[in-house]
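One structure is given below, encoded as structure tokens.
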Amino acid sequence: MIQNQIDPYIRVCMKAWLLCESAIHNELKKKTPCENLLQACGDCGRSCFTLVSQLASEQPYDTGFKVWDCLLYCRQCAEACEAFGSNEEDYILCKEACDSCAGYLKEIVPFYLN
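Written out as structure tokens, the structure is:
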């Protein structure tokens, strides 16, 4: 029962992670990659993957802080993608996925931080 309630959060975080990885890959192909964008997408991708692992394992240890970190990193990544790569599809998709992930996580932050 609980896993069914968590599944949408796992899916949205996995999507954000995959699109962050795609944005990083795209950025690394450039002659002069944007370090700010690489940092934001890297932090977001790692935090999303960590949170997915935590939620999937159903281990309550420290989950609240991981949810909070992921929400913040997703917001920062979305802002970076909008600022540095607004005209490229990979960055637009990454921004949308990270905005969506942050929106979903905002719903459960109070639950996990209590």
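Numbering that gives the first Met the number 0 puts the first residue of the sequence shown at 0, with every later residue one more than the last.
Glycine included, every Cβ here is placed at the ideal spot set by N, Cα and C.
On the three-state DSSP scale, how would you describe residue i?
{"i": "residue 57", "result": "coil"}
{"i": "residue 35", "result": "helix"}
{"i": "residue 14", "result": "helix"}
{"i": "residue 25", "result": "helix"}
{"i": "residue 94", "result": "helix"}
{"i": "residue 105", "result": "helix"}
{"i": "residue 87", "result": "coil"}
Identify the continuous alpha helix (DSSP H) that holds residue i and give its terminal residues.
{"i": "residue 63", "result": "62 to 83"}
Please say whether residue j and residue i have beta carbons closer to each other than 7 Å?
{"i": "residue 90", "j": "residue 22", "result": "yes"}
{"i": "residue 9", "j": "residue 54", "result": "yes"}
Please name the residue, chosen from the options, that lies closest to residue i on a Cα-to-Cα basis.
{"i": "residue 51", "options": "84, 69 and 42", "result": "69"}
{"i": "residue 37", "options": "46, 25 and 48", "result": "25"}
{"i": "residue 15", "options": "63, 94 and 108", "result": "94"}
{"i": "residue 81", "options": "27, 31, 39 and 49", "result": "39"}
{"i": "residue 35", "options": "57, 7, 53 and 77", "result": "77"}
{"i": "residue 41", "options": "106, 29, 18 and 28", "result": "18"}
Please confirm if residue i has its CB atom under 7 Å from at least one CB of chain D.
{"i": "residue 16", "result": "As a matter of chain content, chain D is missing from the structure shown, which is built from one protein chain."}
Between residue i and residue j, which are expected to be in contact by the criterion C-beta below 8 Å, what is the C-beta distance as a whole number of angstroms?
{"i": "residue 74", "j": "residue 101", "result": "5 Å"}
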